[in-house]
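Read through the structure below, which is laid out as structure tokens, and then see the notes.
Residue numbers (our numbering): 164 to 615.
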């Protein structure tokens with residue numbers, strides 16, 4: 164726990180709300196000033212183009228990025244040399260297949276070679292563990308970051324949620340200690356008219372407080388992890404109660420939205436869910452339209468679904484940045500698979516996606532019966548981990564399998580502290596050092612495994 168968290172957790176609730184809002188104003192300025200209006204205009208202009216014009220736009224943007232990488236990025240200079248490629252050999256989307264897919268491990272091992280020869284100070288550094296369990300720090304430039312922010316706002320507005328509308332967020336933020344089961348269970352970010360709810364404290368006893376806080380707030384939007392919002396919907400059903408507010412839409416992200424989750428959530432809240440798929444690497448943003456199809460945005464990147472003879476509609480998902488010059492990723496393997504909405508259409512560029520697969524995490528169950536999904540936050544800020552997997556055999560305890568990075572110091576106490584902050588002081592954590600973490604039969608890495 165750092166000093167700011169120490170102060171926050173020991174402050175009265177009104178002061179916690181003030182600190183949340185102060186941090187919110189700082190983020191608001193970072194997200195929505197400077198280039199933000201320019202990229203919003205770009206988004207509006209791209210909507211006016213027909214498919215052939217979008218293809219031409221992406222071809223031109225790709226060529227510029229390839230030339231930049233060939234001139235400025237050591238990794239690609241070496242790669243082009245090894246493959247006998249010249250920038251003029253990659254002038255359109257179809258030419259991308261001349262390059263090999265880029266894996267996260269390569270970026271981790273050679274991160275310095277993905278930066279320009281004369282590095283510029285990044286607008287921000289994005290830290291992520293992602294669904295593969297491998298931590299990554301990525302330099303991001305201002306245009307890319309603000310484009311990512313604009314894409315989310317555009318997605319919300321497309322489904323009837325105006326910018327600045329009241330929204331209730333259910334994600335992975337630690338708003339209070341895991342063992343503090345006293346209300347309230349939300350904090351208010353005045354900067355974005357946002358009430359943040361804890362996803363770690365909801366159970367049968369605390370649910371009435373969640374319901375009252377939501378009813379008083381009257382949000383127009385629920386946004387967050389599908390597992391957290393599903394858990395909320397389940398408590399409405401179990402208590403035979405209904406929300407005292409009517410959201411215009413529900414926006415989910417960060418986890419695979421399962422059909423049974425969608426059915427219950429939409430039934431309880433009486434509105435549609437519009438999921439979106441985005442990554443911390445800022446190489447793809449694909450929001451669901453009214454038909455449920457995920458539509459990758461053509462400005463931020465090129466999307467590929469690598470199908471095979473065994474499956475003509477499903478394959479691994481690759482993405483190429485068209486904007487981020489701080490640390491460009493070409494044909495980056497996102498670690499997930501996707502299913503094409505129409506296999507007869509091109510699988511490269513901006514293909515419609517029926518579904519994005521591969522991020523189905525099991526819940527972790529606490530000793531008092533709370534179900535916590537998406538716990539990859541426990542690895543943030545922890546150095547020295549090459550790969551990690553959480554294994555649970557019984558409620559209230561878990562084993563964390565670690566493949567350590569021999570080149571970086573690892574602090575076990577920080578990892579255990581992160582777990583207890585989110586899962587409770589009575590949650591038992593065992594750290595197991597292993598040489599390798601096995602994959603499933605489908606070749607996918609599972610960050611959470613429930614063993615019975």
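Cβ coordinates follow ideal geometry from the N, Cα and C atoms, glycine included.
State the Cα-Cα distance for the pair residue 301 and residue 424, rounded to the nearest angstrom. Here the question's residue 301 lines up with position 138 in the chain shown. Here the question's residue 424 lines up with position 261 in the chain shown. Near 32 Å, if we compare the C-alpha coordinates of residue 424 and residue 301.
May I have the straight-line CA-CA distance separating residue 534 from residue 397, to the nearest angstrom? What you label residue 534 is simply residue 371 of the chain shown in a count that begins at 1. What you label residue 397 is simply residue 234 of the chain shown in a count that begins at 1. One C-alpha to the other measures close to 12 Å.
Given 8 Å as the limit, is there contact between the stretch 381–388 and the stretch 325–332, that is, 3 or more CB pairs closer than that? yes
Contact between the stretch 571–584 and the stretch 539–550 (3+ Cβ pairs under 8 Å): yes
Collapsed DSSP secondary structure at residue 334 in the structure displayed: Counting from one through the chain shown, the residue named residue 334 turns up at place 171. In this structure, residue 334 counts as coil in the three-state DSSP scheme.
Completely contained alpha helix (DSSP H) runs for the stretch 305–385, where each covers 4 or more residues: 305–321 and 370–380
Span of the beta strand (DSSP E) around residue 448: In the chain shown, the residue the question calls residue 448 occupies position 285. Residues 448–451.
Would you give the residue range spanned by the beta strand (DSSP E) that residue 412 belongs to? Sequence index remark: in the chain shown, residue 412 carries index 249 (1-based). Counting along the chain, the beta strand (DSSP E) containing residue 412 begins and ends at 412–415.
Residue 364 to residue 341, Cα distance in whole Å? In the chain shown, the residue the question calls residue 364 occupies position 201. In the chain shown, the residue the question calls residue 341 occupies position 178. So the two alpha carbons sit approximately 7 Å from each other.
Counting C-beta neighbours from all protein chains within 10 Å, is the total for residue 294 16 or more, i.e. buried, or is it exposed? Position 131 of the chain shown, counting from 1, holds the residue named residue 294. Its pLDDT being 47, under 50, residue 294 is placed unreliably by the model, and the measurement read from it follows with that caveat. Its Cβ being crowded by 16 or more others within 10 Å, residue 294 is buried.
Hey, which unbroken runs of the beta strand (DSSP E) at 3 residues or more fall wholly within the stretch 186–215? none
Tell me the DSSP secondary structure of residue 616 in three-state form. No answer is possible for residue 616: the residues shown for the chain start at 164 and end at 615.
Own chain, CB closer than 8 Å to residue 199, minus 5 neighbours either side, in chain order: Reading the chain shown from its first residue, position 36 is the one you call residue 199. Contacts found: 309, 312 and 313.
Whose C-alpha, out of 467, 268, 324 and 350, is nearest the C-alpha of residue 333? For the purposes of this step, residue 333 is identified with residue 170 of the chain shown, where counting begins at 1. Checked all of 467, 268, 324 and 350; the closest Cα to residue 333 is 350.
I believe residue 553 touches residue 527 by the beta-carbon criterion, under 8 Å. Please report the beta-carbon distance rounded to the nearest angstrom. For the purposes of this step, residue 553 is taken as residue 390 along the chain shown, with counting starting at 1. For the purposes of this step, residue 527 is taken as residue 364 along the chain shown, with counting starting at 1. The Cβ separation is near 7 Å, so the contact holds.
Check whether the stretch 428–441 touches the stretch 400–416, counting contact only when three or more Cβ pairs, one atom from each stretch, lie closer than 8 Å. yes
Of the residues 544, 530 and 540, the one placed nearest residue 555, counting alpha carbons only: Residue 555 sits at position 392 when you count from the first residue of the chain shown. Among 544, 530 and 540, the Cα nearest to that of residue 555 belongs to 530.
Rounded separation between residue 564 and residue 595 - CA only: Residue mapping note: residue 564 aligns to position 401 of the chain shown, counting from 1. Residue mapping note: residue 595 aligns to position 432 of the chain shown, counting from 1. Taking the straight line joining both Cα atoms gives about 5 Å.
Cross-strand partners of residue 555 (DSSP beta bridge): Taking the first residue of the chain shown as position 1, residue 555 is located at position 392. DSSP lists 613 as partners of residue 555.
I need the DSSP call for residue 183, collapsed to helix, strand or coil. Position 20 of the chain shown, counted from the start, is the residue given in the question as residue 183. It is helical.
Return helix, strand or coil for residue 579, following the three-state DSSP convention. Position 416 of the chain shown, counting from 1, holds the residue named residue 579. Helix, per DSSP.
For residue 360, which residues of its own chain have a beta-carbon under 7 Å away from its beta-carbon, when the five flanking residues on both sides are left out? Indexing the chain shown from 1 puts residue 360 at position 197. So the qualifying residues of the chain are 331, 332, 333, 348, 349 and 373.
Around the Cβ of residue 320, are there at least 16 other Cβ atoms within 10 angstroms (buried) or fewer (exposed)? Here residue 320 is taken as the residue at index 157 of the chain shown, counted from 1. Residue 320 is exposed by the Cβ-count criterion.
Tell me the residue span of the alpha helix (DSSP H) that contains residue 289. In the chain shown, residue 289 corresponds to position 126, counting from 1. Run containing residue 289: none in the alpha helix (DSSP H); it sits in the beta strand (DSSP E), 287–291.
Would residue 496 be called buried (16 or more neighbouring beta carbons within 10 Å of its own) or exposed? Residue mapping note: residue 496 aligns to position 333 of the chain shown, counting from 1. Buried, by the Cβ-count rule.
Just to confirm my understanding: we take residue 176, look at its own chain, exclude 5 residues before and 5 after, and list those with CB closer than 7 Å. What are they? Locating residue 176 in the chain shown gives position 13, counting from the first residue. Correct list, in chain order: 347.
Taking the straight line between their C-alpha atoms, what separation do you get for residue 206 and residue 487? By one-based count along the chain shown, residue 206 stands at place 43. By one-based count along the chain shown, residue 487 stands at place 324. Rounded to the nearest angstrom, the two C-alpha atoms are 16 Å apart.
Can you give me the start and stop residues for the beta strand (DSSP E) that residue 483 sits inside? Residue mapping note: residue 483 aligns to position 320 of the chain shown, counting from 1. Unbroken beta strand (DSSP E) run through residue 483: 474–484.
Segment limits, alpha helix (DSSP H) that includes residue 397: As a first step, residue 397 must be located in the chain shown, where it is residue number 234. Note, residue 397: alpha helix (DSSP H), 389–401.
Could you give the residue range of the beta strand (DSSP E) that holds residue 565? In the chain shown, counting from the first residue as 1, residue 565 sits at position 402. Its beta strand (DSSP E) spans residues 560–567.
N-terminal and C-terminal residue of the alpha helix (DSSP H) that residue 237 is part of: Translated into the one-based positions of the chain shown, residue 237 becomes position 74. From DSSP, the alpha helix (DSSP H) with residue 237 extends over 237–245.
Would you kindly work out how many angstroms separate the C-alpha atoms of residue 343 and residue 540, rounded to a whole number? Working through the chain shown from its first residue, we reach residue 343 at position 180. Working through the chain shown from its first residue, we reach residue 540 at position 377. Roughly 19 Å between the two C-alpha positions.
Under three-state DSSP, which class holds residue 465? Here residue 465 refers to the residue found at position 302 of the chain shown. Three-state result, residue 465: strand.
As a quick exercise: from 218, 172 and 209, pick the residue whose alpha carbon is nearest that of residue 511. The residue labelled residue 511 in the question sits at position 348 within the chain shown. Comparing Cα positions, the closest option is 218.
N- and C-terminal bounds of the alpha helix (DSSP H) containing residue 427: As a working note, residue 427 is residue 264 in the chain shown. First-last of the alpha helix (DSSP H) with residue 427: 422–432.
Would residue 222 pass as an interface residue toward chain B - the criterion being a Cβ-Cβ separation below 7 Å? In the displayed structure, chain B is absent; only one protein chain is listed.
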